[in-house]
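Reading through the C-alpha cells given below for one structure.
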Amino acid sequence: MRVGIVLGTKDATPFEFYIEVDNNQSLQVDDIIVTTSEYPRFGKVTFYGIVDQVISRLEGLETNEQARFHSQGLFDANLTYYCHIVVTRTLAEDGTSPKVPPRPGSEVKLADAEETKLALYFDKMEKKKIPCGLLSNNAPAYLDLDFLLGIKGGHVNISGKSGVATKTSYATFLLYSYFSSIRDVIEAYPDIGTANTHAIIFNVKGEDLLFLDRPNTKLSEKDRKMYEAMGLPAKPFENVQFYAPPRPKRGQYEEILPNTESRIDGVNIFAWTIKEIIENDLLWYLFSPKELSDTSQLYLAIRMATKWLREEIESGLGFHSLRSVIQTLEEKIEDVMDRVATGTRDAFMRRLYRAEQEIGSLIVPEILPFEDIKSYSIDWHKAQVNVVDIHRLSDRAKYFTVGAILKSIVTEKENTGTPWPLVFIVLDELNKYAPINGDSPIADIVLDIAERGRSLGIILIGAQQTASEVTHRVVSNASIRVCGNMDASEAEHSVYGYLGSLNKKRVQYLTPGQMFVYQPDVPQTVLVQFPMPAWATRYQESIETGYIDRDFMVSEIDIMREIEKDMKKDSGEK
Amino acid sequence: MSEIFSIDLIKNLQVHQIWWDDSLKEPVNILDENLPGEVETDIEIKGEWTPIKTDRVDYRKKVVIVDGVRRIDAHLILGNTGKSALLGEFVVGAFNLEEGKVVKRINECVIILPSEIDIKEPLTIGKAEYIPLSTNNTSDEGLYSSFIQRMREKEREMAYEFSRNGYTVIADGPLQVPFSEVGVTVGFVKSIRRSYLNESYWSVVLRLKKGERTPIFIIRTSENLPPKYSWYLRLKEPKYFESPFFGLVRLEAPYTLKLEEVQELAQFSGGFLPYIISSSTLSSRAPENLAPLESLERRLRTMFHPIDHIRATLRKMIAQAYKEV
Chain A
1 MRVGIVLGTK DATPFEFYIE VDNNQSLQVD DIIVTTSEYP RFGKVTFYGI VDQVISRLEG
61 LETNEQARFH SQGLFDANLT YYCHIVVTRT LAEDGTSPKV PPRPGSEVKL ADAEETKLAL
121 YFDKMEKKKI PCGLLSNNAP AYLDLDFLLG IKGGHVNISG KSGVATKTSY ATFLLYSYFS
181 SIRDVIEAYP DIGTANTHAI IFNVKGEDLL FLDRPNTKLS EKDRKMYEAM GLPAKPFENV
241 QFYAPPRPKR GQYEEILPNT ESRIDGVNIF AWTIKEIIEN DLLWYLFSPK ELSDTSQLYL
301 AIRMATKWLR EEIESGLGFH SLRSVIQTLE EKIEDVMDRV ATGTRDAFMR RLYRAEQEIG
361 SLIVPEILPF EDIKSYSIDW HKAQVNVVDI HRLSDRAKYF TVGAILKSIV TEKENTGTPW
421 PLVFIVLDEL NKYAPINGDS PIADIVLDIA ERGRSLGIIL IGAQQTASEV THRVVSNASI
481 RVCGNMDASE AEHSVYGYLG SLNKKRVQYL TPGQMFVYQP DVPQTVLVQF PMPAWATRYQ
541 ESIETGYIDR DFMVSEIDIM REIEKDMKKD SGEK
Chain B
1 MSEIFSIDLI KNLQVHQIWW DDSLKEPVNI LDENLPGEVE TDIEIKGEWT PIKTDRVDYR
61 KKVVIVDGVR RIDAHLILGN TGKSALLGEF VVGAFNLEEG KVVKRINECV IILPSEIDIK
121 EPLTIGKAEY IPLSTNNTSD EGLYSSFIQR MREKEREMAY EFSRNGYTVI ADGPLQVPFS
181 EVGVTVGFVK SIRRSYLNES YWSVVLRLKK GERTPIFIIR TSENLPPKYS WYLRLKEPKY
241 FESPFFGLVR LEAPYTLKLE EVQELAQFSG GFLPYIISSS TLSSRAPENL APLESLERRL
301 RTMFHPIDHI RATLRKMIAQ AYKEV
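Protein chains in written order, with the working numbering: chain A, 1 to 574; chain B, 1 to 325.
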C-alpha cells in the first residue's frame, strides 16, 4: 500500500531519509516501509526502513502569527506530514547491499509480511529463530537463536521499572516461545534434544510463577490472537517443577513444608545440609557482599572455617544445623583460627550468628526422622522448567540460594565438559548480585556465567531495574538487550546506547507488554508487544469458575495452618 | 529540439549582452491608474458627503481574492540596434476565503520584443518557455508596461471565470477592461496615487474611521474607457504619527452592475475587509495588504522557476550560440 514519497528537500542517505506522507494516508512511529530506486551498477535497489519520528507542520509559514491567520482561514500554508526513516537494509537484486541513497520522489509503501521479514533480517535467521513478540503491523518479530544460544553470542539482558516493565513476564515469555518452538530449534541445532534444554527461574516477586503449569482461564481473546499470530499455542508450560524454601521455626521432628501461600501441592522444598555446604564450598555465600567487602580478613576466616569443617565431617562428625556448627566452632575457635586476628574472629562469629538467624531455616539435618525424602537439593535435570521461589527470603538468604545454585550448575558443567544440556537462568535484580561497585563471591559467579556461560551451555536471562547499576561486563556480554518502561534519565546512560536517541525518550511511555528489543544482526532496535501469559500468574487465574470467594486465599492458608497444628499435636502426643 | 531552436533564435536575435539587476524596481512612472477625468459624486448621496458606517460581517461563501506576482528575469540587448527585449515571469492565482486556501495558480513566462521582430515559437530556457509578445514602445518602460498588461489580462480572465461561476471576486489593483467581462468583481487599489475627488471631498475621505466608507462615486477617465464605480474605505485608523492616508484604500466596481448591487458590495467591503488586514510583522505593505492577499502572493512566488538556474542556462545558451559562429 502506497503511503508517500521520498522527500527531496531533506538529505536522503543510505542510512536515513525522510518521506512525505500522502494526504489520504498516515504513518506512525515503528511502521516498516519499503521503497525502490534504480541505480546504474546495482540495478533495482530496495530500501527497507523503520519510521522513528513523524512530524507535521505548516510549511511556508515563518511566524506564529501566520499560523494564527491560517487557523482563521486567512492564510494558506502547506500542511506537511513527513517521517524520519532509519534504513535497516538495502538490497539489490543480486543480493548485495549497496550503500546508496533512495531517490527523492520514489514511491514508498508499507511493508507487507514478507517485506517485514526482509526489513528486519528474519529471512537470514532461517529456522534459527523464535518469536519474541509482535511488531506494530502485527507481524511476528523474531530473535536470532545464534545470538541467544551461545553460537555467535548469548545471554539476554532486560531493563525496566519494576511492576510496569513486565521484565519477568517477558523472560518467561521468551522461555515459553523457545520451548514451544523446540521442534524447529532441534531441527536447526541437532545437538539440542527436548530434554537437553532446561530453565531455572528465580522467582523474586510474589508467587506469580507458581502457576506456570496451569492455564490462564482469564486470557482474553485478543491475547489468544497474539499467540496465534506468532504461531505459538496459548498454553501453559508443560514440564515444570517448583521449589520453595522450607517454613522457618519448625520443631526438630516436625514435617518440613514449603514456605508458600497460594500453592503447596507439587511444590518441592530446597534446602542444604551442612555437609553439602562444605563439600561444595558454599560457606562464602552465608556472608553478604557488603560484609565481605567491609572486612577483607573475613576471607581468611571463612577459608579456615571451611577447612576445619571439612576435616570434621570427613572424620565422621555430623552437624544438624548451622547453630550446631556455631556452638562447636565457638569451643574450638582458638585452635581453628589461630592465624586470624581476634577482631576478625569476633567479626566472623558475629556475622555467622546473623547468618544463622536468616539462613538457618535453609539448613536441614542430614538424616531426617519420619521422612521419605532423601535430599532437598535442586535437581534441575528432572524438569524442563524449574521455578525457585526466593521472594520470601531475606537478602542474605537470597544471596546464599542464588550463589549456591549457580555455583553448583557451573561446577557440574565444568566437570561434564560439554555445553549440553543447555540451561537458561532467569535472574532478576542483577544490580543486587552483580553491582557496578564491589566484589563478592556472588558477583564473581554471575560474572563468570556472563563471560564463560556461552561455552558452558549456561544462558543468563538477566534483568534489573537499572542497568547502569550493574557491572558493565555482565550487561555488555548479553547479545540481546531488552528494555521496557523506565525513567528517561536512566535511559541516558551509555549502557542504553543501543536504543538510539529517539527511543531513549520513548522508554518512559512504554506500557506493560511493550519492549524494545535489540539484537546484533538487526541494526535498529524494534518495539514489540507480547501477550499476557497463557499460564496463570495467580490462583484465581488458574481455576475455571467465574466467581471467586474474596476470602478464598485466606481460607486456604487457614487450612494449611490447621494441618500444621494437627501435625504438631500428633508429634507432641508421640 | 526546443533548446537547439532556442539557441538558433538567440543567434538570430543577435543577443550579445544580458543584464539583470536584482535591485531593479518597477519604473516609477508606470501607473496602474488612469488619468483622472470626470467624477460624479452625487450618485449615492445628493449634496454634502458624510462617512457611511458599515456593519461587521464575516461572509466568506463563494468569495475569492485574485492577484498576481511578477518577476523580471533578464533584459537582452539585441544586436547593435540598442533595442532590448525583456524576459519575465508572472503567476496569477486565487485565494478562496471559504476554504481558506489558494485554489488556483497559473504561471506564464513571456519575452517582450520590439514589434519589428517577428517570432512565433517560444524561447525555451531550461523548463521555462518564454512566449513571444510584441510592443511598439521599445523603451524599458514600454517593455515593462506590456509585461504588466499581460499579467493584468490573465488576472482579469481568472476573475471573470470565478465570477461566471457565481463567485464574488476581490481583485488586486484597478479593474481591467473590458468590464463586460469582469462580472461581480471589486477592484482593490492599495496605493492612493491619484486624487479623483475635489479637495472639498478629501476632508470626508481622510476623516473616515475603521470600517467607514465614502459614498459611491463614478469615475469617467476617457472616451475609450468605460466608467466605473468607486469608493474609499478605511481599513485601519492611523496613529497620531502616521499619515492620514494610512489604512486607506479605494475600491472599484464595474459600471455594468446596478447601483444597488454596488452598494451591497460597498457595505460588504466595509464590514469585512478591515477585519482581514495583515499586520506590520506579516507584510511590509500592512495594513492595506490583506492577510489572504499576502498569503496568496507568497504562495504564487513559490511557483517561479528557479532564477539562478534560468540565468545560468541562458548564459550558457548564449555562449553556445556564438561558439558556432
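Quick reminder that beta carbons are idealized off the backbone N, C-alpha and C, glycines included.
Bridge partner(s) assigned by DSSP for residue i
i                     : result
residue 54 (chain A)  : A:83
residue 92 (chain A)  : A:45
residue 389 (chain A) : A:203
residue 67 (chain B)  : B:93
residue 104 (chain B) : B:94
residue 107 (chain A) : A:5
residue 234 (chain B) : B:248
residue 135 (chain B) : B:114
residue 150 (chain A) : Answer is none; residue 150 (chain A) lacks a bridge partner.
residue 162 (chain B) : Answer is none; residue 162 (chain B) lacks a bridge partner.
Where residue i sits in the DSSP three-state scheme
i                     : result
residue 93 (chain B)  : strand
residue 420 (chain A) : coil
residue 471 (chain A) : coil
residue 250 (chain B) : strand
residue 191 (chain A) : coil
residue 236 (chain A) : coil
residue 573 (chain A) : Legend: pLDDT at residue 573 (chain A) = 47, less than 50; position of this residue unreliable, no value from coordinates given.
residue 274 (chain B) : helix
residue 331 (chain B) : Given that chain B is displayed from residue 1 to residue 325, the structure contains no residue 331 (chain B) and the question cannot be resolved.
residue 528 (chain A) : strand
residue 71 (chain A)  : helix
residue 100 (chain A) : coil
residue 64 (chain A)  : helix
residue 349 (chain A) : helix
Nearest to residue i (by Cα), restricted to the options the options
i                     : options                    : result
residue 196 (chain A) : A:423, A:81, A:229         : A:423
residue 417 (chain A) : A:453, A:442, A:441, A:395 : A:453
residue 309 (chain A) : A:293, A:282, A:292, A:290 : A:282
residue 168 (chain B) : B:156, B:184, B:286, B:7   : B:184
residue 98 (chain B)  : B:61, B:243, B:75          : B:61
residue 42 (chain B)  : B:268, B:214, B:248        : B:214
residue 15 (chain A)  : A:398, A:30, A:1, A:50     : A:50
residue 78 (chain B)  : B:16, B:248, B:57, B:206   : B:16
residue 269 (chain B) : B:250, B:111, B:84, B:281  : B:250
residue 219 (chain B) : B:196, B:276, B:117        : B:196
residue 95 (chain A)  : A:244, A:78, A:121         : A:121
residue 4 (chain A)   : A:100, A:75, A:44, A:104   : A:104
residue 320 (chain A) : A:273, A:187, A:398        : A:273
residue 503 (chain A) : A:256, A:526, A:366        : A:526
residue 124 (chain B) : B:187, B:310, B:80, B:320  : B:310
residue 289 (chain A) : A:351, A:86, A:10, A:378   : A:351
residue 579 (chain A) : A:78, A:395, A:390         : Here chain A covers residues 1 to 574 and nothing more, so residue 579 (chain A) does not appear.
Close-in-space but distant-in-sequence residues of the same chain around residue i (CB under 6 Å, 5 per side omitted)
i                     : result
residue 271 (chain A) : 246, 362, 364, 376
residue 163 (chain B) : 169, 183, 184, 185
residue 13 (chain B)  : 78
residue 18 (chain B)  : 74, 76
residue 231 (chain B) : 213, 214, 216, 251, 266
residue 116 (chain A) : 32, 139
residue 113 (chain A) : 139
Same chain, Cβ closer than 7 Å to residue i, five either side skipped, listed in chain order
i                     : result
residue 278 (chain B) : 286, 287, 289, 290, 291, 294
residue 301 (chain A) : 337, 340, 344, 345, 348
residue 429 (chain A) : 204, 464
residue 118 (chain A) : 48, 89, 91
residue 434 (chain A) : 443, 446, 447, 470, 471, 474
8 Å Cβ shell around residue i - same chain, five flanking residues per side excluded
i                     : result
residue 155 (chain B) : 66, 67, 68, 92, 171, 172, 173, 176
residue 436 (chain A) : 468, 469, 470, 471, 472
residue 304 (chain A) : 336, 337, 339, 340
residue 255 (chain B) : 179, 218, 226, 227, 228, 229
Could you give the uninterrupted runs of the beta strand (DSSP E) lying entirely in the stretch 239-285 of chain A, keeping only those of 3 residues or more?
Fully enclosed beta strand (DSSP E) runs of 3 or longer: 240-244, 267-269.
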